[in-house]
Amino acid sequence: MQIRSARFDSGWRLSETHTMKPVRVRFAPSPTGYLHVGGARTALFNWFYARQQGGSFVLRMEDTDAARNTDAARQTIFEGLRWLGLDPDEGPEQGGLFGPYSQSERQPIYAATIAELKASGVLYPCFCPRERLASLRTTQEATRQPFRYDRACRAVSAADAASRIAAGEVPAWRLRVPEGKTVLDDLVRGEITVEHADIEDIILVRGDGTPIYNLAVVIDDHSMGITHVLRGEDHLTNCFKQIIIFKAMGWEVPRYGHLPLILGPAGEGKLSKRKHPEAALEHYQARDYHPEAFINWLALIGWSFDDKTELMTRAELVERFSIGRINKSGARLNIEKLASISGDYIRRMPLAEVLPRVRQHLVKAGLVAEPLSAAAEAQVAAIAAAEHERLKAFGDIVEFSRWVFAAQPTMEEKALKNLKKDAANAAMLRDWAATLADPLPLTADMEAAAREFCTARGIGFGVFVHPVRAALTGRTAGPPLFDCARILGAVRCRERLLRGADLAASEPA
RNA sequence: GGCCCCGUCGUCUAGCCAGGUCUAGGACAUCAGGUUUUCAUCCUGGUAACACGGGUUCAAAUCCCGUCGGGGUCACCA
Numbered sequence: 012m013q014i015r016s017a018r019f020d021s022g023w024r025l026s027e028t029h030t031m032k033p034v035r036v037r038f039a040p041s042p043t044g045y046l047h048v049g050g051a052r053t054a055l056f057n058w059f060y061a062r063q064q065g066g067s068f069v070l071r072m073e074d075t076d077a078a079r080n081t082d083a084a085r086q087t088i089f090e091g092l093r094w095l096g097l098d099p100d101e102g103p104e105q106g107g108l109f110g111p112y113s114q115s116e117r118q119p120i121y122a123a124t125i126a127e128l129k130a131s132g133v134l135y136p137c138f139c140p141r142e143r144l145a146s147l148r149t150t151q152e153a154t155r156q157p158f159r160y161d162r163a164c165r166a167v168s169a170a171d172a173a174s175r176i177a178a179g180e181v182p183a184w185r186l187r188v189p190e191g192k193t194v195l196d197d198l199v200r201g202e203i204t205v206e207h208a209d210i211e212d213i214i215l216v217r218g219d220g221t222p223i224y225n226l227a228v229v230i231d232d233h234s235m236g237i238t239h240v241l242r243g244e245d246h247l248t249n250c251f252k253q254i255i256i257f258k259a260m261g262w263e264v265p266r267y268g269h270l271p272l273i274l275g276p277a278g279e280g281k282l283s284k285r286k287h288p289e290a291a292l293e294h295y296q297a298r299d300y301h302p303e304a305f306i307n308w309l310a311l312i313g314w315s316f317d318d319k320t321e322l323m324t325r326a327e328l329v330e331r332f333s334i335g336r337i338n339k340s341g342a343r344l345n346i347e348k349l350a351s352i353s354g355d356y357i358r359r360m361p362l363a364e365v366l367p368r369v370r371q372h373l374v375k376a377g378l379v380a381e382p383l384s385a386a387a388e389a390q391v392a393a394i395a396a397a398e399h400e401r402l403k404a405f406g407d408i409v410e411f412s413r414w415v416f417a418a419q420p421t422m423e424e425k426a427l428k429n430l431k432k433d434a435a436n437a438a439m440l441r442d443w444a445a446t447l448a449d450p451l452p453l454t455a456d457m458e459a460a461a462r463e464f465c466t467a468r469g470i471g472f473g474v475f476v477h478p479v480r481a482a483l484t485g486r487t488a489g490p491p492l493f494d495c496a497r498i499l500g501a502v503r504c505r506e507r508l509l510r511g512a513d514l515a516a517s518e519p520a
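For the first sequence, the residue numbers in this note's numbering are 12 to 520.
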């Protein structure tokens, strides 16, 4: 099979692979304490590809930096992937033939390759003290030179090096970048060429003998049989160093595709958790957007199916995803679009499925306590039904329904205004309260009665509705008025109407 | 600063490889109108973009060059 870039889909250009080997892709996050949206999208695209190609989706923890590696951080990633519905075929939790799946446990695997690299001279020892490296950098910055190691230790002879090591010096080991250039045929960006003169002799092995990221990935990707690497564009410059290592070891280089970065809302650099809460997946999990909507939205950042189709099921996304249609330019997050899509998905759900999701949020927020009485269950069901079409995310229910659970509703300014708008409002509220039967009639009957009530008083329905809504909910927006009334029940309606009457009659502050 | 990547409505994008069918399509947002007791939903309609300059060509959003702008990366981090 021929090697070619698959930047464009043309039907007959079917191949994004260059071998007949089964596709093996990986998601290799670093447990930093949160799952970045960009990482989530990377995981998603890899998962799409694996599922579509009948390949394997491997999860690997890049936790060689022990300081940041905590169990909580790992759990955040596992839970994030679960929420997204991305099940790894192999990983720390599920194991597999190519384990272990955490770099911190793979040191023995690295040792052999490191020894081979040292023996072949691809790695050379660097005895430069950190202070020298630091001052070198400072000088280069000041003189506007490229910030690169000056390769001083390449001049140290093997014999010298051996004796210095014997004398107790502990060198770091650098990659001896060969002459020439490297051409990357990127799956999303096409051919990219970099001259080796522009590549630094980076440190690959620490003084303590452990490999640096750029070495560990190469060894892992090779030993795990990874065929395709889809990752963020921030790895593009690393890629050339990695390819050099692959070639030095005589290993087959996987196919690479570098995804465009997700930028801050103002287009200012990549999203960082410090500056943007929406950088972390937990942000979306907490509000609880519809997960299927979320992956739909995420898939649309940097990828598209055609010029029209946006709403797609998971199965459709798997079927339609193609690396060739991944964009090259960075994208900003459009959270409002997520809200729109999620609201769409939720509206299409049967109420019976919305109810438990919504219920769970009310419990979690402490608005209702488990176990719920039959009356409370009925009330929650009524709230869910009433707010269903307004939800952009399941967690929205909490703010939407606070007015129900408060002893008396908090009055919004506009609601208070509606209450005081007419001098006759206080009397109207009291009079209507007096007409209320317990239990309250069905909404249609209540409305009919209310309209008659208005006609009898010679007022328009609108004059009635706004103050009543204010008294009942303290808000100006919400479900149909009589639904609100029934959620509260006759007794609480009366209480609120009377209090509303008092507020309406009180002097403006 | 070196190297690398990118540049279509406010935002996400289709179109670019194989130049004409593009008076540039869709979605979100926004504006106006309709439905509605509010909000939401739903329906209708509108505003809004090929970064700039050259070149190639009968013809350029599409190809080439340059400029400008944005981003990434340059740790004994990942």
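For glycine and all other residues, C-beta sits at the position ideal for the given N, C-alpha and C.
Within a 10 Å sphere around the beta-carbon of H301 sit 16 or more other beta-carbons, which makes this residue buried. The beta-carbon separation of M72 and Q114, rounded to 6 Å, stays under the 8 Å limit for a contact. Judged by their CB atoms, L70 and G102 are nearer to each other than the 7 Å cut-off. The alpha carbon of F472 has as its nearest neighbour, out of T484, A310, G485 and M457, the alpha carbon of M457. Sequence-distant Cβ neighbours of E398 in its own chain, meaning closer than 7 Å and more than five residues away, are I408, F411, S412 and P490.
A Cβ-Cβ separation of about 6 Å places E303 in contact with R325 under the 8 Å criterion.
Y267 sits in a strand when the DSSP states are folded into three classes. Nearest in C-alpha terms to T43, of all of L55, A51, I88 and Q63, is I88. In the three-state reduction of the DSSP assignment, C137 falls in the strand class. The way I'd put it, the segment 508–517 does touch the segment 424–438; three or more beta-carbon pairs between them come closer than 8 Å.
Burial is judged here by how many other beta carbons sit within 10 angstroms of a residue's own beta carbon; E202 has fewer than 16 and is exposed. The Cβ atoms of A395 and V415 lie no closer than 7 Å to each other.
Taken atom to atom, the span from the alpha-carbon of S234 to that of L97 is near 23 Å.
The segment 237–252 and the segment 265–277 touch, with three or more beta-carbon pairs separated by less than 8 Å.
For G406, same chain residues with a beta-carbon under 8 Å away, outside a window of 5 residues either side, are A297, R298, D299 and H372 in chain order. The three-state reading of DSSP puts V379 in coil, since its state is none of H, G, I, E or B. Put simply, of S353, R505, A130 and C250 the residue whose alpha carbon is nearest the alpha carbon of K192 is C250. In terms of Cβ geometry, I273 and L55 do not form a close pair [threshold 7 Å].
Within the DSSP bridge table, the entry for P222 names V216 as partners. DSSP lists V194 as the bridge partner or partners of T204. Rounded to the nearest angstrom, the Cβ distance from L453 to A501 is 13 Å, too far for a contact under 8 Å. Per the coordinates, the alpha-carbon of H207 lies some 33 Å from the alpha-carbon of R343. Listed in chain order, the non-local C-beta contacts of R37 below 6 Å within the same chain comprise V69, R71 and I237, local neighbours out to five positions each way being set aside. Residue burial annotation: S353 is buried, with at least 16 other C-beta atoms found within 10 angstroms of its C-beta. Between the alpha carbons of I176 and R148 lies a distance of about 26 Å.
An exposed status is given to R285, since fewer than 16 other beta-carbon atoms sit within 10 Å of its beta-carbon.
Taking the CA atoms as reference points, I254 sits about 24 Å from R336. The DSSP-derived three-state label of I312 is coil. Separation of L328 and R52 (C-alpha to C-alpha, rounded to the nearest whole angstrom) is 13 Å. The three-state reading of DSSP puts E101 in strand, counting E and B together. Residue pairing by DSSP places F38 opposite L70 in a beta bridge. Taking the Cβ atoms as the reference, G275 lies roughly 6 Å from H287, within the contact range of under 8 Å. By the C-beta density criterion, F59 is buried, having at least 16 other C-beta atoms within 10 angstroms. Separation of C137 and H294 (C-alpha to C-alpha, rounded to the nearest whole angstrom) is 44 Å. In terms of Cβ geometry, L440 and A482 form a close pair [threshold 7 Å]. Apart from the 5 residues on each side of it in sequence, N338 sits with its Cβ closer than 6 Å to the Cβ of P271 and G313 in its chain, given in chain order.
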